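Novice:
Numbering (my numbering), first residue to last: 48 to 317.
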């Protein structure tokens, strides 16, 4: 397994555990973070043994968002020419967006396990995940508004599809904190657990359930959900008809049917 500076990555029982590993900095997202997360999710996508990814944060908090030192460095590199500054900043923003697009584009389900602070850029991150779960001490905030800027790495684009447009606008305009119970009520997380230990136990149980399913079926299901999000119903129906014309010929379908009829647990190849 590759050694990373901002992360720790483990693989067991077909589940990859991606841990943001800067607890002394409240898991703030520094330059290493943005670069390494792309490599990690490329590895997860290309490794057949990985069927589900869980992402969590080491220590008391999930993440305090982008490292302010990184923002300061970006500002210090600007010159006097507005046009050239804009070009440089736009390129930087697109590179940061690509880091979380790597999560959204991953063909394996990605589950976020959130404890403590989940602020600013961390909201962008979890918005790109398939599912989100938290502990009762979790606190969420679209913090960019308090920094005098608009969130620019995915929150404003993905979150309205998760919690609804009006609620998203309230949180984005005010930057107020959302606790675990409200997060569950508005659909930001699927459910809340008593503490971080129970959270990880619960999330890994869900991950193992998914990992036991046909990877071909899970891959197709995620692809269809993502496609439907960005297209019409008619487009989605057309796409799955074409997709399943090939995928229904998979050995996984026969294995699942045979196991169901014999009341046995099916085993699927990677």
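All C-beta atoms, glycine included, are put in the ideal place defined by N, C-alpha and C.
Owing to the predicted nature of the structure, the values given are computational and were not obtained by experimental measurement.
In terms of residues, what are the limits of the beta strand (DSSP E) holding residue 168?
Specialist: Run containing residue 168: none in the beta strand (DSSP E); it sits in the alpha helix (DSSP H), 168-174.
Novice: Starting from residue 57 and walking both ways along the beta strand (DSSP E), at which residues does that stretch end?
Specialist: Counting along the chain, the beta strand (DSSP E) containing residue 57 begins and ends at 54-59.
Novice: Would residue 200 pass as a contact of residue 147 if the rule is Cβ separation under 9 Å?
Specialist: Cβ atoms of residue 200 and residue 147: closer than 9 Å.
Novice: I need the boundaries of the beta strand (DSSP E) containing residue 64, first residue and last residue.
Specialist: Note, residue 64: beta strand (DSSP E), 62-67.
Novice: The beta strand (DSSP E) spanning residue 214 covers which residue range?
Specialist: Not the beta strand (DSSP E): residue 214 falls in the alpha helix (DSSP H), residues 212-221.
Novice: Are there 16 or more other CB atoms within 10 angstroms of the CB of residue 253, so buried, or fewer, so exposed?
Specialist: It counts as buried.
Novice: DSSP state of residue 144, grouped into three classes?
Specialist: Reduced to three states, the DSSP call for residue 144 is helix.
Novice: For chain C, is any of its Cβ atoms less than 9 Å away from the one on residue 96?
Specialist: The chain labelled as chain C is not found in the depicted structure, where only one protein chain is given.
Novice: Taking the C-alpha atoms as reference points, what is the distance between residue 80 and residue 152?
Specialist: Residue 80 and residue 152: Cα-Cα distance of roughly 18 Å.
Novice: Using a 10 Å radius around the Cβ and a threshold of 16 neighbouring Cβ atoms, would you call residue 235 buried or exposed?
Specialist: Burial call: buried.
Novice: Are the beta-carbon atoms belonging to residue 176 and residue 231 less than 9 Å from one another?
Specialist: Contact: no.
Novice: Look up residue 98 in the DSSP assignment and say whether it is helix, strand or coil.
Specialist: Residue state, collapsed to three classes: coil.
Novice: Among 60, 114, 137, which residue has its Cα nearest to the Cα of residue 96?
Specialist: Here the closest residue by C-alpha is 60.
Novice: In the DSSP assignment, the beta strand (DSSP E) including residue 186 goes from what residue to what residue?
Specialist: Start and end: 186-188.
Novice: Check whether the Cβ of residue 207 lies closer than 8 Å to any heavy atom of the ligand NAD, and answer yes or no.
Specialist: Ligands displayed in this structure: none; no statement on the ligand NAD is therefore possible.
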